[in-house]
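A quick write-up on the structure given underneath.
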Amino acid sequence: MTPQRQHRVRARDARLGQLRQVTRWVGYASAALAGLLAAGFAAAVPGHATAPTAPTAPTPQQQRPTPQVGGVTSPDTGSGSGQLQQPVAPPTYTPAPPVVVSGGS
Amino acid sequence: MTVAGSQQLAGRTRATFSVWGMTAVLQLTDAGALPRAHALLRAELAAMDAAANRFLPDSELSRVNAGAGGPPTPVSPLFVQALKEALRAAALTGGAVDPTVGGALIELGYDRDIGQLRAGNAEHPGNEGGRRAHLTAVAGGPGCVRLDPGRPALGQPGSVALPAGVALDLGATAKALAADRAAYAIAADGCGVLVGIGGDVAVAGPPPPGGWAIRVTDDHDEPAAGPGQTVAITAGGLATSSITTRTWRQRGRSLHHILDPATGLPAVGRWRTISVTAGSCVDANAASTAAIVLGAAAAGWLSRQQLPARLVDRGGRAVAVGGWPTEGGPDDCEFSDDSAAPESARW
């Protein structure tokens, strides 16, 4: 191989290397952009949750009001979870006089 | 809705009043908070009344039902939440609780407020209620409800569409949801609160020492000294469903309001009254209603759900599951056998 031909081959390899670099960065940029668009779209559609729902019932201290609906706050009743919420603790027998009666209505 | 007894709340921790033909109880740990808490509860009940009262002709629920078979009906965020809870209850109870039984209830004669229905027993026109209720229930099902929650933040309302002939009834969840919402709103100020609406009880905030004492019995209007059991809870909700209340007669038959969605007819299981505690009142009520429908399978289902419950059979014998306390008396025992086959519907 003549020196002139060797020079052309090296120049071609250099350009191919540059092209690979550009292709790689275009790939990174595309992935990042896709991620940003997906996150933005997910936040825009109804039903988006900003935090995962705890699988167990919250304690009274953990219970927090959710955004205002109809003038009052609404509780998180576990919408979206796959099971009815268990109580924090089972009821206990008490000899105290009741403050309310729970029965059919 | 009528609200009474709201006078002279200052310095008190308790208010009771009548709503939807039932008794509502508001009990606080902080006397100074009662006037504001009472106003919050009234506002919540009024909002739920306007959204989900099947007997108000201009309620959202009535408009949705009237629009069945037509284009989607716009609804408020509160109605969206109420319907979401009802559909969630249907999913988590395997369809034992179903908001689409509204049409079947109407076919059975429950087409007006229960007080008016009882008063008009003799005049209520007869119809083929049973057969038509069954057909209506079979034609419905939670899957036929088309709910678009909308995007309230952007001013886009939600909407609901129903197939022709299907009507919603949110009675199994809306009342309990109102109790939950009111309790949480009131507790946001740091006050311990109990809200009871016709036997659906929600508690939130710091409880009193020993917890909130609640008497469970057949009818929420029974005196506290009547047959039953008193238990204490510190958070979440407690609800009781019973076939002994909200009853009426049609063509000589006694009917009640808890329908088996599979048949469209009143549930005929072995239990007359079931009380359940859960992480929220709406979940407790969904479970107690479903358990009535499930009949002999109820105790096992509640145990698997890890929901403490007290079940009273038609003979008055009570059993406890899921950690519900026993009294040790002859009327209470720990449930141990769930092998009985489910009862079949009888009409």
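Chains as they are written, first to last, in my numbering: chain B, 1414 to 1518; chain V, 159 to 505. Heads up, the beta-carbon is just placed ideally off N, CA and C, and yes, glycines get one too.
Distance between residue j and residue i (C-alpha atoms, nearest Å)
i, j, result
"V:Asp207", "B:Gly1440", "56 Å"
"V:Asp495", "V:Pro385", "At V:Asp495 the pLDDT is 40, less than 50, meaning the model places this residue with poor confidence and gives no usable figure here."
"B:Thr1415", "B:Ala1424", "14 Å"
"V:Val351", "V:Gly458", "32 Å"
"V:Ala454", "V:Leu184", "35 Å"
"V:Trp178", "V:Ala204", "11 Å"
"V:Ala340", "V:Thr435", "18 Å"
"V:Asp327", "V:Ala336", "15 Å"
"V:Ile355", "V:Phe237", "19 Å"
"V:Thr398", "V:Gly228", "36 Å"
"V:Ala448", "V:Ala247", "9 Å"
"V:Val255", "V:Ser176", "26 Å"
"V:Val359", "V:Ser433", "11 Å"
"V:Thr392", "V:Phe213", "34 Å"
"V:Gly298", "V:Ser217", "21 Å"
"B:Pro1510", "V:Arg172", "14 Å"
"B:Arg1428", "B:Ala1444", "24 Å"
"V:Gly190", "V:Gly357", "25 Å"
"V:Leu250", "V:Ala444", "9 Å"
"V:Ala244", "B:Thr1436", "52 Å"
"V:Thr181", "V:Ser317", "32 Å"
"V:Ser412", "V:Leu305", "35 Å"
"V:Gly329", "V:Ala209", "12 Å"
"V:Gly368", "B:Gly1448", "51 Å"
"V:Arg472", "V:Arg430", "5 Å"
"V:Ala262", "B:Leu1497", "26 Å"
"B:Ala1442", "B:Asp1426", "24 Å"
Residue i at chain V interface by Cβ criterion, 8 Å
i, result
"B:Gly1430", "no"
"B:Ala1509", "yes"
"B:Val1513", "yes"
"B:Gly1517", "yes"
"B:Leu1452", "For the record, residue 1452 of chain B in the displayed sequence is Ala; it is not Leu. Judged by the 8 Å Cβ criterion, B:Ala1452 is not in contact with chain V."
"B:Gln1434", "no"
"B:Gly1460", "At B:Gly1460, the pLDDT of 45 sits below 50, so the modelled position is not reliable; the number obtained from the coordinates is stated separately. For B:Gly1460, the answer is yes, since a Cβ of chain V falls inside 8 Å of its Cβ."
"B:Tyr1441", "no"
"B:Leu1497", "yes"
"B:Val1422", "no"
As assigned by DSSP and simplified to three states, the class of residue i
i, result
"V:Asp461", "Reading off the sequence, residue 461 of chain V comes out as Ser, not Asp. Helix, per DSSP."
"V:Thr388", "strand"
"B:His1420", "helix"
"V:Leu192", "helix"
"V:Pro172", "First, the amino acid is wrong: residue 172 of chain V is Arg here, not Pro. In the structure shown, V:Arg172 sits in a strand (DSSP, three-state: E or B)."
"V:Arg309", "strand"
"V:Arg200", "helix"
"V:Pro300", "helix"
"B:Trp1438", "helix"
"V:Ile450", "helix"
"V:Tyr268", "coil"
"V:Ala456", "helix"
"B:Thr1505", "strand"
"V:Arg428", "coil"
"V:Gly316", "strand"
"V:Ala325", "coil"
"B:Pro1500", "coil"
"V:Ala393", "coil"
"V:Ala343", "helix"
"V:Pro232", "strand"
"B:Ser1518", "coil"
Cβ of residue i within 8 Å of any chain B Cβ
i, result
"V:Ser400", "yes"
"V:Asp376", "yes"
"V:Gly453", "no"
"V:Ile264", "no"
"V:Pro315", "no"
"V:Pro466", "yes"
"V:Arg221", "no"
"V:Thr431", "yes"
"V:Glu380", "yes"
"V:Thr435", "yes"
"V:Arg428", "no"
"V:Trp459", "no"
"V:Ala397", "yes"
"V:Thr537", "Residue 537 of chain V is absent from the structure shown; chain V starts at 159 and stops at 505."
"V:Pro229", "no"
"V:Val514", "Here chain V covers residues 159 to 505 and nothing more, so residue 514 of chain V does not appear."
Whole-Å CB distance - residue i paired with residue j, under 8 Å assumed
i, j, result
"B:Gln1500", "V:Trp482", "Per the sequence shown, residue 1500 of chain B should be read as Pro rather than Gln. Incorrect: roughly 10 Å between the Cβ atoms, too far for contact."
"V:Leu199", "V:Cys349", "Incorrect: roughly 12 Å between the Cβ atoms, too far for contact."
"V:Leu417", "V:Val259", "5 Å"
"V:Val389", "V:Ile372", "6 Å"
"B:Gly1495", "V:Asp376", "Actually they are not in contact, since the Cβ atoms of B:Gly1495 and V:Asp376 sit about 32 Å apart, beyond 8 Å."
"V:Ala226", "V:Pro321", "6 Å"
"V:Val470", "V:Ala478", "Actually they are not in contact, since the Cβ atoms of V:Val470 and V:Ala478 sit about 10 Å apart, beyond 8 Å."
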